[in-house]
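Under my numbering, the letters of the sequence shown match residues 1104 to 1488, in that order.
For every residue, glycine included, the Cβ atom is placed at its ideal position computed from N, Cα and C.
Nothing here was measured: the structure is a model prediction, and the numbers come from that model.
One structure below.
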Amino acid sequence: MAPFVILIMCFISLAFVSYVHYASRQRRRGGHEKAAKLPPGSMGWPYIGETLQLYSQNPNVFFASRQKRYGEIFKTRLLGCPCVMLASPEAARFVLVTQSHLFKPTYPRSKERMIGPWALFFHQGDYHLRLRRLVQGPLGPYALRALVPDVEAAARSTLADWDGNVASTFHAMKRLSFDVGVATIFGGQLDERRKAELRQNYSVVEKGYNSFPNSFPGTLYYKAIQARRRLHGVLSEIMRERRARGELGSDLLGCLMQSRAPAGDGGAGALLTDEQVADNVIGVLFAAQDTTASALTWIVKYLHDNPKLLEAVGAEQAAIHHANHGGARPLTWAQTRSMALTHRVILESLRMASIISFTFREAVADVEYKGTRTHARTHTRYTRT
Ligand code: HEM
Ligand SMILES: *[C@@H]1O[C@H](CO)[C@@H](O)[C@H](O)[C@H]1NC(C)=O
């Protein structure tokens, strides 16, 4: 079992304090008023708060030092937003599962615009549920079976370029996970020209993702928005071609294009618009690429640091390679399921490395948690390590 540490950070905005749904319900039940306090912690300087402290060191150190001092819940102010940080699996369950109706996913507007406002992780309720179900199919084990040859080809091509040529492992892994992402979304039938167009334009989007959102021509942000538009153009073209052929396909793109809204989602039976499909294609690429690339990079690093383990994993892989006549026969799904040691190395690496530092939620009502109070408009962040 991989235990994971979860840090949850909630931004509190006093400007949007709304009716204290949760806390007041609790009070009514308790029969007496007991005002909850704000959690401990320092709000730092006016407006900028503790932003500089966060960005001048490893974010995990910033969070860990405050967690040590104040415990699993503390307040701070980052990027102009008063926040509450929650740091325990129990708190994560509170925000993400048991009281999830009190929170909504919120990203800075500039980032939403970059990925696409219709991408599932900016939504809640029926639309989110529908998209969540839709993407789960083509990303599930049954669909992945058919992709083993494409994944093997992508891994081979990464290794062929590797010998002596790789300046950055992370960069090589990003390329690999992009190729696997593209195979998943387009069912391994996208031509090389299109793939290159998507790759180049997507990398411009990525460079602008964490830049200052200044739409002045020439800035990274401006270039990213332009590239985002071109990505949309390429995707629309692919969708038009599929419709003209009358074959939408059973890959992720095909599933998104065919989905009809269930009753209750406003306009039952309606298809997703091309805009909605494109935003979700880019959204899945975004969710998949950096996370997978960083996990793979950590695995390479941990194996490098443990020569004995590296040798044992190498032996496990070599035996399969040998059984496939030196790669003359394709890797099978059953073989991917029989890499016991390799699989354990992957799980242990995911446990040790902190792939996503935190994520956030915004409270839609005032919330009381363990006797402390969080005002409405709360953004939540959590980390797995
Ligand atoms: C080691 C690799 C990965 C890690 C650590 C990771 C982590 C996460 C986390 C923490 C979230 C939740 C974010 C939030 O709710 O605020 C998330 C959401 C998501 N991830 Fe991943 N992820 C990984 C790989 C992938 C891959 C490979 C895909 C797709 C092929 C993917 C697709 C998604 C999607 C679609 C969501 C949104 C789910 C929703 O809103 O319901 N992720 N991921
Ligand atoms: C982006 O996509 C367009 C097609 O819309 C293509 O002509 C261009 O070469 C791609 N790459 C870059 C870096 O813009």
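Exercise for review: Say yes only if the C-beta of Val-1238 is nearer than 7 angstroms to one or more non-hydrogen atoms of ligand 1, and no if none qualify.
Suggested key: Within the sequence shown, the letter at position 135 stands for residue 1238. Flag set: Cβ of Val-1238 near ligand 1.
Review point. Lys-1418 to Asn-1427, Cα distance in whole Å?
Key: The residue labelled residue 1418 in the question sits at position 315 within the sequence shown. The residue labelled residue 1427 in the question sits at position 324 within the sequence shown. With the sequence shown as reference, residue 1418 is identified as Ala, and Lys is not the correct amino acid for it. Spanning the two alpha carbons is a distance of roughly 14 angstroms.
Review point. Cβ of Arg-1235 versus every heavy atom of ligand 1: is any distance shorter than 7 angstroms?
Key: Within the sequence shown, numbered from 1, the residue matching residue 1235 stands at position 132. Indeed, a heavy atom of ligand 1 lies less than 7 angstroms from the Cβ.
Point to revise | CB-CB length for Leu-1406 against Leu-1399, believed under 8 angstroms | key: Reading the sequence shown from its first residue, position 303 is the one you call residue 1406. Reading the sequence shown from its first residue, position 296 is the one you call residue 1399. Not a contact, Cβ separation roughly 11 angstroms.
Practice item. Please confirm whether any heavy atom of ligand 2 lies closer than 7 angstroms to the CB of Gly-1311. Key: Within the sequence shown, numbered from 1, the residue matching residue 1311 stands at position 208. No; taking the cut-off as 7 angstroms, the Cβ of Gly-1311 has no heavy atom of ligand 2 nearer than that.
Review point. Hey, would you say the C-beta of Thr-1179 is under 7 angstroms away from at least one heavy atom of ligand 1?
Key: For this step, residue 1179 is matched to residue 76 along the sequence shown. Thr-1179: no, Cβ never under 7 angstroms from ligand 1.
Check your understanding: Mind checking whether the beta-carbon of Val-1387 lies closer than 7 angstroms to any heavy atom of ligand 1?
Key -> Against the sequence shown, residue 1387 aligns to sequence position 284. At least one heavy atom of ligand 1 is nearer than 7 angstroms to the Cβ of Val-1387, so yes.
Review point. Within the present structure, is the beta-carbon of Glu-1300 separated from the nearest heavy atom of ligand 2 by less than 7 angstroms?
Key: By 1-based counting over the sequence shown, the position of residue 1300 is 197. Yes, the beta carbon of Glu-1300 sits closer than 7 angstroms to at least one heavy atom of ligand 2.
Review point. What are the partner residues of Trp-1221, as DSSP defines its beta bridges?
Key: Along the sequence shown, read from residue 1 onward, the residue named residue 1221 stands at position 118. None, per the DSSP bridge assignment.
Practice item. Mark Phe-1319 as exposed unless 16 or more other C-beta atoms lie within 10 angstroms of its C-beta, in which case mark it buried. Key: To locate residue 1319, count along the sequence shown from 1; it is residue 216. Exposed: under 16 other Cβ atoms inside 10 Å.
Review point. When we look at the beta-carbon of Gly-1474 and count the other beta-carbons within 10 Å, is it buried (16 or more) or exposed?
Key: Residue numbering aside, residue 1474 sits at position 371 when the sequence shown is read from its first letter. The residue is exposed, with fewer than 16 neighbouring Cβ atoms inside 10 Å.
Review point. Is it true that the CB of Ala-1275 sits closer than 8 angstroms to the CB of Val-1308?
Key: Locating residue 1308 in the sequence shown gives position 205, counting from the first residue. Locating residue 1275 in the sequence shown gives position 172, counting from the first residue. Contact: no.
Check your understanding: Should Gly-1429 go down as buried or exposed, given a rule of 16 or more other Cβ atoms within 10 Å for buried?
Key -> Within the sequence shown, the letter at position 326 stands for residue 1429. Its Cβ having fewer than 16 others within 10 Å, Gly-1429 is exposed.
Practice item. Can you give me the Cβ contacts of Leu-1250 inside the same chain, cut-off strictly under 7 angstroms, excluding the 5 residues immediately before and after it? Key: Taking the sequence shown and counting its residues from 1, one reaches residue 1250 at position 147. Around Leu-1250: Ala-1286, Thr-1287 and Gly-1291.
Practice item. Whole angstroms is fine: what's the gap from Gln-1160's alpha carbon to Phe-1461's? Key: In the sequence shown, counting from the first residue as 1, residue 1160 sits at position 57. In the sequence shown, counting from the first residue as 1, residue 1461 sits at position 358. One C-alpha to the other measures close to 15 angstroms.
Review point. Asn-1304: beta carbon under 7 angstroms from a heavy atom of ligand 2?
Key: By 1-based counting over the sequence shown, the position of residue 1304 is 201. Yes.
Review point. For Phe-1463, does the count of other Cβ atoms within 10 angstroms reach 16, so buried, or fall short, so exposed?
Key: Locating residue 1463 in the sequence shown gives position 360, where the first residue counts as 1. The residue in question, Phe-1463, is buried, as its Cβ has 16 or more Cβ neighbours within 10 Å.
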